[in-house]
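Worksheet: the structure to be examined is printed underneath.
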Amino acid sequence: MRTATPLTVESLTKVYGEVTALRDVSFTAQPGRVTGFLGPNGAGKTSTLRILLGLNRPTAGRALIDGQRYRELDAPLRRVGGSLSSDVFHPGRSGRDHLVTLALAAGIDRARVDTVLTQVGLADAGRRRVGGYSLGMRQRLGLAAALLGDPDALVLDEPINGLDPDGIRWMRGLLRHLADEGRTVLLSSHVLSEVQQTVDDVVVIRHGRIAFDGPLEALEAGSARVRVDAADRDALADALRRAGATVEPGPAGLSVLGLDVARTGEVALAAGLALTHLSDETDGLESVFLALTADEAEVTAAPADAPGVATSAEGSAA
Numbered sequence: 512m513r514t515a516t517p518l519t520v521e522s523l524t525k526v527y528g529e530v531t532a533l534r535d536v537s538f539t540a541q542p543g544r545v546t547g548f549l550g551p552n553g554a555g556k557t558s559t560l561r562i563l564l565g566l567n568r569p570t571a572g573r574a575l576i577d578g579q580r581y582r583e584l585d586a587p588l589r590r591v592g593g594s595l596s597s598d599v600f601h602p603g604r605s606g607r608d609h610l611v612t613l614a615l616a617a618g619i620d621r622a623r624v625d626t627v628l629t630q631v632g633l634a635d636a637g638r639r640r641v642g643g644y645s646l647g648m649r650q651r652l653g654l655a656a657a658l659l660g661d662p663d664a665l666v667l668d669e670p671i672n673g674l675d676p677d678g679i680r681w682m683r684g685l686l687r688h689l690a691d692e693g694r695t696v697l698l699s700s701h702v703l704s705e706v707q708q709t710v711d712d713v714v715v716i717r718h719g720r721i722a723f724d725g726p727l728e729a730l731e732a733g734s735a736r737v738r739v740d741a742a743d744r745d746a747l748a749d750a751l752r753r754a755g756a757t758v759e760p761g762p763a764g765l766s767v768l769g770l771d772v773a774r775t776g777e778v779a780l781a782a783g784l785a786l787t788h789l790s791d792e793t794d795g796l797e798s799v800f801l802a803l804t805a806d807e808a809e810v811t812a813a814p815a816d817a818p819g820v821a822t823s824a825e826g827s828a829a
């Protein structure tokens with residue numbers, strides 16, 4: 512039976528010198544769900560995750576793992592596992608040796624090493640030196656380290672980066688399975704399309720501030736539009752606006768937000784207007800995501816004095 516372990520970020524602010532990386536960031540990743548933490552490179556994702564895993568201290572606010580800061584946890588690797596970088600493994604050490612070292616340091620049974628190597632598809636490559644691993648293999652090794660303590664929550668920074676299409680499909684399935692077991696899964700990405708088939712909830716960060724926080728369905732609803740046209744386009748637009756719709760004229764007709772196709776047709780009928788076109792349309796989730804993060808400047812990333820070094824916060828490499 513899994514221990515419900517929500518990950519909560521409360522009014523988090525982080526300032527590096529003259530750069531404010533995070534501005535009053537708040538959200539919660541819930542047990543049994545995959546939460547996608549999305550935003551362009553430099554938006555503040557890694558800074559948030561590093562604070563959550565105890566690697567950086569916030570300027571204000573707090574980040575909690577089941578109501579506790581990381582440093583307050585007993586046996587932290589059994590509560591939360593994380594992977595914040597694929598570039599922290601010693602190239603001359605085998606993947607298996609790396610995991611054995613972590614297991615011994617954390618008091619974890621060495622048998623877990625072979626279990627997690629198999630789980631992430633590295634059973635045959637575990638005794639090879641990490642220097643010969645591809646980026647995708649190092650991503651898998653980072654996930655294996657995060658899973659080493661069989662934790663109730665996972666924090667993963669760009670876990671799909673570097674994976675080939677088969678690897679992406681595998682990663683999506685594994686993360687979904689881990690959440691279905693009752694774990695809390697929080698993963699970051701700068702590309703919505705990479706994770707939209709996996710996530711339940713979405714948190715979008717822009718310029719260090721939260722631009723959207725809610726279920727994926729709510730984001731999808733924001734991408735739905737109706738395209739409609741009539742001979743008397745102005746009269747149709749007026750009728751739709753009176754019905755509460757947002758109407759945007761265009762060369763191919765009117766773009767309508769706030770009404771579905773059926774209601775749009777009813778409004779036109781009640782106004783005595785004959786339609787020449789009526790259809791469902793969508794901007795697509797990626798377009799909505801890009802609109803939420805428009806004009807993002809890469810100025811909020813953690814500086815060089817906050818490197819992704821290997822720590823016990825992840826049970827792997829951060």
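Residues 512 to 829 (our numbering) make up the sequence shown, in order. Backbone N, C-alpha and C fix where the C-beta goes; we use that ideal spot for every residue, glycine too.
Proximity below 7 Å, CB of residue i to CB of residue j
i: R736; j: S766; result: yes
i: V526; j: T570; result: yes
i: G572; j: E521; result: yes
i: A540; j: T531; result: no
i: S597; j: Q650; result: yes
i: G769; j: A756; result: yes
i: G684; j: R513; result: no
i: G647; j: L674; result: yes
i: P517; j: V591; result: no
i: A754; j: V778; result: yes
i: L784; j: L747; result: yes
i: G550; j: V715; result: yes
i: E792; j: R738; result: yes
i: G606; j: G578; result: no
i: V696; j: L665; result: yes
i: V706; j: L730; result: no
i: D740; j: H788; result: yes
i: T519; j: L575; result: yes
i: D668; j: L595; result: yes
i: A782; j: A802; result: no
i: R717; j: T804; result: yes
For residue i, the three-state DSSP class (helix, strand or coil)
i: I721; result: strand
i: F600; result: coil
i: P818; result: With a pLDDT of only 36 at P818, under 50, the local geometry of the prediction cannot be trusted, and the value read off the model is given with reservation. Here P818 sits in coil by DSSP.
i: T570; result: coil
i: V714; result: strand
i: P587; result: helix
i: G549; result: Note that residue 549 is Leu in the sequence shown, not Gly. Of the three classes helix, strand and coil, the one that applies to L549 here is strand, per DSSP.
i: D791; result: strand
i: E761; result: For the sequence presented, residue 761 should be read as Gly rather than Glu. Looking at G761 - three-state DSSP - the assignment turns out to be strand.
i: V624; result: helix
i: A515; result: coil
i: L615; result: helix
i: L595; result: coil
i: V706; result: helix
i: A564; result: At residue 564 the sequence reads Leu, which differs from the Ala that was named. Note: L564 maps to coil in three-state DSSP.
Beta-ladder partner(s) of residue i, from DSSP
i: Y527; result: V530
i: A741; result: L786
i: D538; result: The sequence shown places Phe at residue 538, not Asp. F538 is bridged to V520.
i: S798; result: In DSSP, S798 forms no bridge with anything.
i: R736; result: E792
i: L768; result: T757
i: S605; result: R640
i: L575; result: T519
Below-7 Å beta-carbon distance, residue i vs any chain C residue
i: V706; result: No chain C is present in this structure, which holds just one protein chain.
heavy atom of the ligand GDP below 6 Å from residue i C-beta
i: E731; result: Looking for the ligand GDP in the displayed structure turns up nothing, as the structure carries no ligands at all.
The region 529–545 / the region 712–723 touching (three or more Cβ pairs under 8 Å):
yes
Those runs of the alpha helix (DSSP H) which lie wholly inside the region 628–700 and span at least 4 residues
646–657 and 676–691
With a threshold of 8 Å, are at least 3 pairs of Cβ atoms found where one atom belongs to the region 623–630 and the other to the region 649–663?
yes
Check whether the region 606–616 and the region 683–693 touch, using three or more Cβ-Cβ pairs below 8 Å as the test.
no
Is it the case that the region 768–785 contacts the region 698–712, given that we only count it when at least three CB pairs across the two stretches are under 8 Å?
no
Do the region 640–648 and the region 550–567 meet, that is, are 3 or more Cβ pairs less than 8 Å apart?
no
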